[in-house]
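Numbering (the numbering used here), first residue to last: 16 to 213.
Listed below in structure tokens is the structure:
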């Protein structure tokens, strides 16, 4: 299924075709592709080159990490994410390693790393669905995450199920149109809320 964004201005095709499915195929993701996704994440920019992101990755059918990540998700996310062949937790280290001071950019930088990952995934014909619906303390307990770090997001990685199998309501949601607010509603000029003259 290809769901190309109806853009108002030209952008790179990889960005236009990227979307987040709810219905995943159970087809496994090759290890070499996973390595390249996390290599892309590795090269994201970060404040002071701190690279505060950490990922815990589980592959369905290989050990229990996938199931343990699934157990950390909220129930609505568990329902659809269980089919994804790969689940990951996106974790931030909240303090700078060099001085122990709080890193206010850590969550932002995790987002940049995840953005790199999903663009690389899109280039490889994969899909990524990020989730904020998880229990950070359950993740801390399940994976011995230290107190200076926190699980912020979960990530499902795999192939969109083009057959529409599984939950019909989720398949219908996947088939829906992609929508975004226009840039005039979030790019401002003189003051907050006033559209910039680009």
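We put the CB at the ideal spot given by N, CA and C, even for glycine.
Per DSSP, residue 85 lies in no beta strand (DSSP E) segment; the continuous alpha helix (DSSP H) that holds it begins and ends at 80-87. Note on geometry: alpha-carbon atoms of residue 213 and residue 167 lie some 34 Å from one another. Runs of beta strand (DSSP E) with 3 or more residues, each lying fully within the stretch 133-203, are found at 142-146 and 164-173, listed in chain order. Apart from sequence neighbours up to five positions away, the residues of its chain that approach residue 131 with a beta-carbon distance below 6 Å are 55, 56 and 59, ordered along the chain. Spatial neighbours of residue 95 in its own chain (CB-CB distance under 6 Å, excluding positions within 5 residues in sequence) are listed in chain order as 37 and 185. When the beta-carbon positions are compared, residue 172 and residue 145 stay at least 7 Å from each other.
Taking every protein chain shown into account, the CB of residue 147 has fewer than 16 other CB atoms within 10 angstroms, so this residue is exposed. Annotation: residue 100 to residue 73 spans about 8 Å, alpha carbon to alpha carbon. Here the C-alpha atom of residue 118 lies approximately 31 Å from the C-alpha atom of residue 209. A straight line joining the alpha-carbon of residue 133 with that of residue 207 spans about 30 Å.
For residue 101, the uninterrupted beta strand (DSSP E) run begins and ends at 101-108, by DSSP. By the neighbour-count definition (other C-beta atoms within 10 Å, threshold 16), residue 25 is an exposed residue. Bridge partners of residue 117 according to DSSP: 110. DSSP lists 102 as the beta-bridge partner residues of residue 73. About 28 Å separates the beta carbons of residue 31 and residue 46, which is beyond the 8 Å limit, so they are not a contact pair.
Taking the C-beta atoms as reference points, residue 110 is found nearer than 7 Å to residue 163. In this structure, residue 137 keeps its C-beta atom at 7 Å or more from the C-beta atom of residue 52. Taking C-beta atoms under 8 Å as the contact rule, residue 106 and residue 165 qualify, at a distance of about 7 Å.
Residue 39 sits close to residue 98, with the two beta carbons spaced by under 7 Å. Residue burial is scored here from C-beta neighbours: residue 79 has fewer than 16 other C-beta atoms within 10 angstroms and is therefore classed as exposed.
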